[in-house]
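Those letters in the sequence shown? Residues 1 to 381, per the UniProt record's numbering, in order. We put the CB at the ideal spot given by N, CA and C, even for glycine. Since this is a predicted model, take the numbers as computed values, not measurements.
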Amino acid sequence: MRIHEYEAKKLFREFKIPIPRGGLATSPGEAHRVAEEIGLPVTIKAQVLVGGRGKAGGIKFAEDLGEVRELSCELLDMDIKGYKVESILVEEKLEIERELYLGVTIDGSRGCPIVMVSSEGGVEIEETARNCPEKIFSREVKPSQGLRAYQARKLAKKLGFKGKPMLQLAGVISSLYQVFKSYDALMAEINPLVMTRREDLIAADGVLEIDDSALFRHPELGIEAQDRIPDELEREARKIGVSYVNMDGDIGLICSGAGLGMATMDMIREKMKPANFLETGGGMTRELMAGALRVVLKKGNLKAVFINIYGGINPIHEGAKGIADVVREENVKIPIVAKALGNLQEETWETLQGVGIKVVKETQTARAIEQLFRTLEKGCG
Numbered sequence: 001m002r003i004h005e006y007e008a009k010k011l012f013r014e015f016k017i018p019i020p021r022g023g024l025a026t027s028p029g030e031a032h033r034v035a036e037e038i039g040l041p042v043t044i045k046a047q048v049l050v051g052g053r054g055k056a057g058g059i060k061f062a063e064d065l066g067e068v069r070e071l072s073c074e075l076l077d078m079d080i081k082g083y084k085v086e087s088i089l090v091e092e093k094l095e096i097e098r099e100l101y102l103g104v105t106i107d108g109s110r111g112c113p114i115v116m117v118s119s120e121g122g123v124e125i126e127e128t129a130r131n132c133p134e135k136i137f138s139r140e141v142k143p144s145q146g147l148r149a150y151q152a153r154k155l156a157k158k159l160g161f162k163g164k165p166m167l168q169l170a171g172v173i174s175s176l177y178q179v180f181k182s183y184d185a186l187m188a189e190i191n192p193l194v195m196t197r198r199e200d201l202i203a204a205d206g207v208l209e210i211d212d213s214a215l216f217r218h219p220e221l222g223i224e225a226q227d228r229i230p231d232e233l234e235r236e237a238r239k240i241g242v243s244y245v246n247m248d249g250d251i252g253l254i255c256s257g258a259g260l261g262m263a264t265m266d267m268i269r270e271k272m273k274p275a276n277f278l279e280t281g282g283g284m285t286r287e288l289m290a291g292a293l294r295v296v297l298k299k300g301n302l303k304a305v306f307i308n309i310y311g312g313i314n315p316i317h318e319g320a321k322g323i324a325d326v327v328r329e330e331n332v333k334i335p336i337v338a339k340a341l342g343n344l345q346e347e348t349w350e351t352l353q354g355v356g357i358k359v360v361k362e363t364q365t366a367r368a369i370e371q372l373f374r375t376l377e378k379g380c381g
């Protein structure tokens, strides 16, 4: 889960990483007040949980207080990649001499954190990797040892730093790794890390993405993961305990596992278009399955729903009752085709068929999807 820039910078400051003077604002009036306090000119940045906001017009520069109000109004009225701008960060405009990139992430292939630095700050690291890979320097970190001071100094020297500036940069690199480690992050990034004309290093931007599964260890952050999800249906699904991804098709999908869900989605795509990915995880209670179907149906403009569930240790008949509840209560008219196998499958079939759901008792998902396709063809005819 990604946190806002202003939140990341607050954590950076706790670890002695220099950040610009500034403050958060949710209205043009508040932005005006912050600008008066820190002095002009200022940078005004939309606080959204996606990258690329600069290219989308989400960063502005104001030379006077009139511009601060005008540009703040403009930013607070924006929608950037599906995120409504609800707050802006007003900061002193830095006198930039040089821009660097610092980042820490997990290298999945090596199974360890990796620290990356580059002299090409201010652009996306992926772009640098494509165009100038020789300008990126990295260092694997053993989690049991952490990033040693001499390793941070070596990375700073790779960027041509010497003497006091080198030590200052090494300190920022070490501190960024400590932020990454302390908050169970998947990624910590400063892009750009600015060297000013006075040779001060300041984190002009900050990104911190925290592992969702570790949020419970950081109550001090006061963050609920579902509150940071822009899609309403994805937020609702998270609250009931299922994984949901909104898509652009018209076939609703409910599956009892991520692998089964992805395989089913691929097979549906051969002739149709899935409207979503939804997997229920390990449990299939009456309440959970009812909630899952309600989320899927809220998508609207669906042609059908396909359910593919399997019960091993967990019986599936209770989940079937939840599905039947929703079909009756909401008077669902679109076709629902289900393949449900496993523990107490006969009782499950009876419950589903009792509300008009077409049950496919085959073991092969492809045959069940073929049944779904034929059902829709008949409906069109």
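- Residue environment: Ile313 is assigned as exposed (fewer than 16 neighbouring CB atoms within 10 Å of its CB, all protein chains considered).
- In this structure, DSSP gives Lys378 a helical state, which the three-state scheme calls helix.
- In the three-state reduction of the DSSP assignment, Pro143 falls in the coil class.
- Setting aside the 5 residues that flank it on each side, Glu91 is surrounded in the same chain by Pro20, Gly22 and Thr43, each with a C-beta closer than 6 Å to its C-beta; the list follows chain order.
- Separation of Tyr244 and Glu95 (C-alpha to C-alpha, rounded to the nearest whole angstrom) is 45 Å.
- About 21 Å separates the Cβ atoms of Gly257 and Leu297, ruling out a contact at the 8 Å cut-off.
- The DSSP-derived three-state label of Ala204 is coil.
- Secondary structure in the segment 5-72: the beta strand (DSSP E) runs of 3 residues or longer, each lying completely within the stretch, are 22-25, 42-46 and 59-62 in chain order.
- Taking C-alpha positions only, Glu318 is separated from Leu341 by approximately 13 Å.
- By a beta-carbon distance limit of 8 Å, Thr365 contacts Thr264. Their separation comes to about 6 Å.
- A straight-line Cα-Cα distance of about 24 Å links Val34 and Val50.
- Here Lys378 is exposed. Its C-beta has fewer than 16 other C-beta atoms within 10 Å.
- When the beta-carbon positions are compared, Gln47 and Ile17 stay at least 8 Å from each other.
- Fewer than three Cβ pairs drawn from the segment 118-129 and the segment 206-223 lie within less than 8 Å of each other, which leaves the two stretches out of contact.
- Using a 10 angstroms sphere on the CB of Asp248, the tally of other CB atoms stays under 16, which defines it as exposed.
- For Lys273, the closest of Val295, Phe306 and Leu288 by C-alpha to C-alpha distance is Phe306.
- The continuous alpha helix (DSSP H) containing Val295 extends over residues Arg286 to Leu297.
- The Cβ neighbour count for Cys73, taken over all protein chains shown within 10 Å, is under 16; the residue is labelled exposed.
- Taking Met166 as reference, the option from Gln178, Phe180 and Glu199 with the minimal CA-CA separation is Glu199.
- In this structure, Ala188 sits near Val179, with a CB-CB distance shorter than 8 Å.
- Burial check for Asp205: the Cβ neighbour count within 10 Å reaches 16 or more, so the residue is buried.
- In the structure shown, Lys84 falls within a strand segment according to DSSP collapsed to helix, strand and coil.
- Between the beta-carbon of Val360 and that of Arg367 there is about 7 Å, and that keeps the pair under the 8 Å contact cut.
- For Leu376, same chain residues with a beta-carbon under 8 Å away, outside a window of 5 residues either side, are Met272, Lys303, Ala304 and Pro335 in chain order.
- Rounded to the nearest whole angstrom, the C-alpha separation of Pro315 and Ala290 is 16 Å.
- Note that the C-beta distance between Tyr177 and Leu208 is not below 8 Å.
- Just so you know, the alpha carbons of Leu76 and Lys84 end up roughly 8 Å apart.
- Counting the other Cβ atoms within 10 Å of the Cβ of Gly58 gives 16 or more, which makes it buried.
- The DSSP assignment places complete alpha helix (DSSP H) segments of no fewer than 4 residues inside the segment 301-330 at 317-329, in order along the chain.
- When the alpha-carbon of Gly356 is set against those of Gln345, Phe373, Val327 and Ile369, the nearest one is in Val327.
- Of Gly160, Ser174, Thr105 and Glu97, the smallest CA-CA separation from Asp211 is found for Thr105.
- Per DSSP, the continuous alpha helix (DSSP H) segment holding Ala263 begins and ends at Ala258 to Ile268.
- Judged by DSSP in its simplified three-state form, Glu91 adopts strand.
- Excluding sequence positions up to five before and after Lys81, its CB lies within less than 6 Å of the CB of Val50, all in the same chain and listed in chain order.
- Just measuring C-alpha positions, the residue of Phe12, Tyr6, Arg110 and Met1 sitting nearest Leu201 is Phe12.
- Distances from the CA of Leu344 to each of Gln371, Gly354, Gly311 and Asp231 were compared; the closest alpha carbon is that of Gly311.
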